[in-house]
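Residue numbers (this note's numbering), protein chains in the order written: chain A, 131 to 434; chain B, 189 to 746. Beta carbons are placed, not taken as given, at the ideal position from N, Cα and C, and that holds for glycine. Because the structure is a prediction, the values reported are computed rather than measured. To start, the structure under review is shown below, and the notes come after it.
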Amino acid sequence: MLVGRSRFARQSFLYLLGAIFIFSFACAFWYAGVAVGLVTRAPGSALFGYTNGTTTIGYYAGVVGFLIIIFEMLLWVRKRLRGRRLGAARTWMFWHIWLGLACLPLAIIHSGFAYGGALTGIIMILFYAVIASGVWGLAFQQIIPKKLLDDIPQETIASERGKVMYDLFEEARALIDLLRLEDADEVDGEVIVKTQLTTYRTKQLISFFDRQMGPFMLATGSGTGPLASQTRARQLFADLRAGAAPQLVATLNRLEAICETRRQLDRQYNLYWWLHSWLCVHLPLSIALLVLLVAHVGYALKFW
Amino acid sequence: MPPPPAPNRERLDRFAGNRAYFRDLTPLSRTRRALSLLGLAIPLVWVVVSLGLPAEDRHHQLTHGPVANVHAAWDNKCDACHVPSSLGDLSPGAVLSVNAVHDRWNAFSCETCHVGQQATDPKNYAPHHVNALWTKDKSNVSCSACHHDHQGRDFSLVRVVDNDCTQCHKDLKNHQHEPSDADQASIQSFVDGHPDFKGVKTGFERTMHFNHQHHMTPGVAYSKQAIDNKTGGAMKLKDIPTEYRERYRQPGQGDDAIVQLNCASCHQLDSGRVGEKVPESFEADRKAWTATEWLAKGLPVDSVLPPRGEGAYFQAVNYNVNCKACHPMAGGKLPLRPDRPDLLIDLVQLPHGVQPKVLRQQMEASVVNQLLKATPAADKPVLPGRLDPLPVKKSDAIEKEAADFVRSFEKRLYQSANAGCLQCHTATGKANEPVIVKPNSPVLWYPHSKFNHARHRAMDCASCHPGQKGNIFGDSEVANQVDLRKPQPPNIPGIDNCTQCHAPATTVGELPRGGVRFDCVECHRYHNGDLPQQGIGSPRRDPPDNLRLNTDRFLRGR
Chain A
131 MLVGRSRFAR QSFLYLLGAI FIFSFACAFW YAGVAVGLVT RAPGSALFGY
181 TNGTTTIGYY AGVVGFLIII FEMLLWVRKR LRGRRLGAAR TWMFWHIWLG
231 LACLPLAIIH SGFAYGGALT GIIMILFYAV IASGVWGLAF QQIIPKKLLD
281 DIPQETIASE RGKVMYDLFE EARALIDLLR LEDADEVDGE VIVKTQLTTY
331 RTKQLISFFD RQMGPFMLAT GSGTGPLASQ TRARQLFADL RAGAAPQLVA
381 TLNRLEAICE TRRQLDRQYN LYWWLHSWLC VHLPLSIALL VLLVAHVGYA
431 LKFW
Chain B
189 MPPPPAPNRE RLDRFAGNRA YFRDLTPLSR TRRALSLLGL AIPLVWVVVS
239 LGLPAEDRHH QLTHGPVANV HAAWDNKCDA CHVPSSLGDL SPGAVLSVNA
289 VHDRWNAFSC ETCHVGQQAT DPKNYAPHHV NALWTKDKSN VSCSACHHDH
339 QGRDFSLVRV VDNDCTQCHK DLKNHQHEPS DADQASIQSF VDGHPDFKGV
389 KTGFERTMHF NHQHHMTPGV AYSKQAIDNK TGGAMKLKDI PTEYRERYRQ
439 PGQGDDAIVQ LNCASCHQLD SGRVGEKVPE SFEADRKAWT ATEWLAKGLP
489 VDSVLPPRGE GAYFQAVNYN VNCKACHPMA GGKLPLRPDR PDLLIDLVQL
539 PHGVQPKVLR QQMEASVVNQ LLKATPAADK PVLPGRLDPL PVKKSDAIEK
589 EAADFVRSFE KRLYQSANAG CLQCHTATGK ANEPVIVKPN SPVLWYPHSK
639 FNHARHRAMD CASCHPGQKG NIFGDSEVAN QVDLRKPQPP NIPGIDNCTQ
689 CHAPATTVGE LPRGGVRFDC VECHRYHNGD LPQQGIGSPR RDPPDNLRLN
739 TDRFLRGR
C-alpha cells in the first residue's frame, strides 16, 4: 500500500481514519482561527471564515503549497536518478501522496475559494485535475498490483511484452513446423506409415495454427478470435485433443499453454493501462501546473 | 512467501543485445512522454507570448482576478494600484523573506485617487478616529488591510469583514490614545459583546408634551363618545384650514369625516419631491410634495431642500409643517382693555420658534403701532413743508398701554395648560417670562451609526416602535388629559429590537428569528469616524485641489 507501509487492508483503514482525524483537526483549527481572528470572518457569519492570497494566513498557505508542489515534482527526479542513494522510493511516494493531499486545502485557502483571473483560474483547474488524477492513480495502485499478482502468473515486463509474445509465437511455430515434418509421407526417402486419424488430426492442427492461433499470437493489440476466450479456447483444444496420438496431445497441451500465456499478457496489458494511464494525465498536468505557478509567483513578486 | 518468478521473466534474455531493456518504452510511456512535453511547452509558450504582449494585454492575462466594478477602468493596469518591483529593487532578503514579500504587497498607490487631506500623510484617507491607536500592526492602517480587491466585478470593497473592526474593538482600551467615553466592551460581533446603543443606555430626554397614541386616536378625541360623534370634540377635516386639509384626508373621506392621523401624517422621509411641479393625478404625491414644500415656503427651495432620493431618514418634525394645521398661532382681535371694547388689537400671526422675551418685544411693537394708528391726528406732531412725516414719537402712555396689554395676553399664552405655548412645550424660568426648552426631536437618534428607513419600509412602523398606537382611554370612557400631556418616551428601539432580525438565523419556538445580515458595516462606517454621518461628499473627505486629477492621469491611475 502506497499510503503506508502496511499491506493489510485493516491497517489501510487506520490510515483512512487518520486522514479523517487530520481533516477534522484542520476544520477545528480553521474555526478556532475564525474565532480568534486569525482567519477572516465572513460578513454576517459567526462561524464561517475565508481568506485569500493577500491575507497573512492565505499568503503563507500559498508559500507552503508552492514548496510542497516543488517537492512533489522532485519525485520525478528521484525516479530518473534511481541509481543514486536518494532515499527509499516507498518513503518518497508516502510523502508525495500525503503532502500532495495536504496541499489541496492550502491552495484553497490561498485562493480564497475563488478562481480569480485567467492565469490563476487555469492554475486552480490544473491543480484540481492533478489532485484528481493522483487520487485516481492512488486508488488503482491499491487494487491492480494485487490483481496482477493473483491473475497474471505469466506476467512479464510491460515493455518486453511484444518480445515475449513473439518468442511465444516462435515456440509455437517451431512445434507446428515439427508437425509439418512429421506430416510428410516420407522423410529423407523413408516412407512413414501413419494412421488415417493421426494424419487428419495433424493436418487439422496445422490448419488451426495457420488460421487461428498464428494470427491470434501475432496480433499487435489484444488478441482476437475464439482463442481470446479461455472457455472457447479450452473447447477448441479439447476437440483437437480427441483421439489424437500422445505425442500430438503433448504438443496440443503446450500450444494451449502458450495461448493461455498470450491471454494473460493481454490481460496484463489491460491492467497495465489502468495502472499507468493516469500518469498520462497526472504528469503532463503537473508539469504545466509548475510552469504556470512559477509565472504566478514571478508576477506576484513583481507586482505585489 | 514471495510468489515464484514468472516463467516469462526467466525466459526473457534481458541482456541479449539490450542491457537497458528496462528503459524500453511502452506505447503508454511514449504517450505520457509526448503529453508531458506538451504540458511543458503549451504553458511555457503562453507565458512567453504573454510577456511579449503590450502591458495591458499581459496584465489582463496574468491578473489573479477581475477587480471590482469601481476599479474596472484599471483592470488591465496593474501598476495603477500596485507598486511594481524590478529585479534591481529586490534584494535577496526581500525575495527570500516571505515577510518582506508580504509587506511589500501592502505598497499600494491608493492615494492617487483616494488622497487624504493631511499633506503629511496622503495615504491616511478620511481617518477613523483621532483617538484610534494602532499598537500591534502598522500595516493595519493601509487600505489593503481591509479592502481586498480582485474578488470579482460585483464584490463590494466597502463591505469589509467584522474581523477588520473587531481586531481593535474587542480590546478597545488598548487601541486608544486616551481613555474615552466609548464603550469598552469586548465586541466580537453584533450579537456577541456589542453593547446596547448609547442613547438607550443613557436615556433620551424629551421636552415636548406629545402623545402619539392620542394623536392617532380618531379625531384626536379625549372620549369614546366623541369618536362616536355623539358629543362633539372630535376633530373633523373641515376644522383644518383648506390649505392643509389634503394632507390629512384619508382615501374616500369627505370634509365631515373625523380626522384619522397615521405615522405618515407627520413623519416624512427625506425623499421629498421638492423642485417638481405639483402632481395632479396621484393624491399621495400631492401630499408628499405639499409636506416638503411647506418646509421651505418662502425660501429658495432647491437650496434649502435639495432633491433627495433615498429616504433613509425622516425629516425632523417641524411646527410649520406638522403641527400648525391643528395648532395655529392665530391671533384674532382682543379689546385693549375691558373698558375699551371699542379699541380692538389685532393679534397678527405670531412667529413660531422665538423665545418669549423676543416675542414680547415684537408683540409690544405691533400693539404700539396699532395704538398709534388709532390715536387722533391732533396728537401727532405736524411739521409743515415736509413730504415725509417725521417718525411718530411714542408717548409713554401708549407704550404703557401696549405693555399692559401684552402682559395680559402673555398670561393666556404661557400660563394656560390647555392652550398656548406650554400645551406642547416645556419651559423654565418665571411663569410670566418663561424660557422655552429646545425640543429634542433630532433627525438622527443614533448619530454614530447609519440606518435606512426606506430599506425597512416593508415593516409596520409599530413593529419597531410599539406602543404608539392603541386605546388611550383604558377602562374609562374619557382619557386622562394630564397623563396625555406628559413628555412621552421617544420609543426608539434598542439592540434587542434589531437582533430579532439582524442575527444568525434560528427558530424560537416555531417562529423564525434572525437571518438578516449583521456585520459591522451594516450600520457603521469606518472613515471619518468622528463624524460618521458625513458622507463621502463631505468637505472633510475632499482631496486638496492641487492633488486632483485630470482625465488622463485619472485613467492612467498614475
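Subject >> Per-residue DSSP class, three states only, for B:Asp337 >> reply: coil
Original post:
Which of helix, strand or coil does DSSP assign to B:Gly377?
Top reply: Residue identity check: residue 377 of chain B is Ser in the sequence provided, not Gly. DSSP places B:Ser377 in strand when its eight states are reduced to three.
**OP:** Alpha carbon to alpha carbon, how far is B:Arg246 from B:Gly240? Give it in angstroms, no decimals.
**Re:** 8 angstroms
Original post:
From B:Phe502, B:Thr219 and B:Gly304, pick the residue whose C-alpha is nearest to that of B:Asp733; which is it?
Top reply: B:Gly304
**OP:** Can you give me, in chain order, the residues of the stretch 216-235 of chain B that have a beta carbon less than 7 angstroms from any beta carbon in chain E?
**Re:** The chain inventory of the structure shown lacks chain E, comprising the protein chains A and B.
**OP:** Select from B:Tyr714, B:Val509, B:Lys361 and B:Ile375 the residue whose C-alpha is nearest the C-alpha of B:Pro429.
**Re:** B:Val509
Original post:
A:Gly428 to B:Glu299, Cα distance in whole Å?
Top reply: 26 angstroms
Original post:
Per the contact definition of three or more C-beta pairs closer than 8 angstroms, is the stretch 404-416 of chain A in contact with the stretch 290-310 of chain A?
Top reply: no
Subject >> Cβ neighbours of B:Gln441 in the same chain (closer than 7 angstroms, five flanking residues each side left out) >> reply: Leu425
Subject >> Own chain partners of B:Ala256 with C-beta closer than 8 angstroms, once the 5 adjacent residues on each side are dropped >> reply: Asp337, Gln339, Gly340, Arg341, Asp342, Phe343, Ser344 and Leu345
Original post:
Near B:Val555, what residues of its chain come up, given a Cβ to Cβ distance below 7 angstroms and the 5 sequence neighbours on each side ignored?
Top reply: Setting aside the 5 residues that flank it on each side, B:Val555 is surrounded in the same chain by Ile533, Ala590, Phe593 and Val594, each with a C-beta closer than 7 angstroms to its C-beta; the list follows chain order.
Subject >> Inter-stretch contact (C-beta, 8 angstroms, three-pair minimum) for the stretch 191-198 of chain A and the stretch 232-244 of chain A >> reply: yes
**OP:** Identify the continuous alpha helix (DSSP H) that holds A:Ile273 and give its terminal residues.
**Re:** Ala248 to Asp281
Subject >> Option in A:Arg291, A:Gln342, A:Tyr296 and A:Thr332 with minimal Cα separation from B:Asp212 >> reply: A:Arg291
Subject >> Minimum Cβ-Cβ distance from A:Ser289 to chain B less than 7 angstroms >> reply: yes
Subject >> B:Gly541 versus B:Glu587: straight-line alpha-carbon distance, rounded >> reply: 25 angstroms
Original post:
Can you list, in chain order, the residues of the stretch 237-260 of chain B whose Cβ is nearer than 7 angstroms to any Cβ on chain A?
Top reply: Answer in chain order: Gln249, Leu250, Thr251, His252, Gly253 and Pro254.
Original post:
Are there 16 or more other CB atoms within 10 angstroms of the CB of B:Tyr436, so buried, or fewer, so exposed?
Top reply: buried
**OP:** Give a yes or no on whether 7 angstroms exceeds the smallest Cβ distance from A:Ile417 to chain B.
**Re:** yes
**OP:** Please confirm whether A:Asp396 and A:Ser352 have their CB atoms less than 7 angstroms apart.
**Re:** yes
Subject >> Residue-level contact to chain B via CB, A:His226, 7 angstroms cutoff >> reply: no
**OP:** Could you check the C-alpha separation between B:Pro654 and B:Asp427 for me, to the nearest Å?
**Re:** 30 angstroms
Subject >> Chain-ordered neighbours of A:Ser429 on chain B, where CB pairs are closer than 7 angstroms >> reply: Looking at the sequence provided, one finds Tyr at residue 429 of chain A rather than Ser. Within 7 angstroms Cβ-Cβ: Leu250.
Original post:
How is the beta strand (DSSP E) around B:Pro133 delimited, first residue to last?
Top reply: Residue 133 of chain B is absent from the model: chain B starts at 189 and stops at 746.
**OP:** Closer than 8 angstroms by beta-carbon distance: list the chain A residues that pair up with B:Gln339, in chain order.
**Re:** Asn182, Gly242 and Ala244
Original post:
If you draw a straight line from the C-alpha of B:Gly406 to the C-alpha of B:Arg394, how long is it?
Top reply: According to the sequence provided, residue 406 of chain B is Pro. The question's Gly does not apply to it. If you take the alpha carbons of B:Pro406 and B:Arg394, they lie about 25 angstroms apart.
Subject >> Range covered by the beta strand (DSSP E) that runs through B:Lys521 >> reply: Gly520 to Pro523
**OP:** Give the residues of chain B in contact with A:Lys276, contact being defined as C-beta atoms less than 7 angstroms apart.
**Re:** Going along chain B, no residue has its Cβ under 7 angstroms from A:Lys276, so there is no contact; the nearest lies around 11 angstroms.
Original post:
Under the rule that 16 or more other beta-carbon atoms within 10 Å means buried, what is A:Phe155, buried or exposed?
Top reply: Burial check for A:Phe155: the Cβ neighbour count within 10 Å stays below 16, so the residue is exposed.
Subject >> Reduced DSSP secondary structure (H/G/I, E/B, other) of B:Pro231 >> reply: In the displayed model, B:Pro231 falls within a helix according to three-state DSSP.
Original post:
Nearest chain A C-beta to B:Asp212 closer than 7 angstroms, yes or no?
Top reply: yes
Subject >> Beta-ladder partner(s) of B:Lys424, from DSSP >> reply: B:Ile446
Subject >> 8 angstroms CB neighbourhood of A:Leu419 in its chain, flanking five on each side removed >> reply: Ile199, Ile253, Leu256, Phe257 and Val260
Subject >> Cβ-based contacts, 8 angstroms cut-off: residues of the stretch 368-387 of chain A near chain B >> reply: none
**OP:** Compute the distance between the beta-carbons of B:Val709 and B:Val348, then report whether it is under 7 angstroms.
**Re:** yes
Original post:
Mind checking whether B:Val505 and B:Cys454 have CB atoms under 7 angstroms apart?
Top reply: yes
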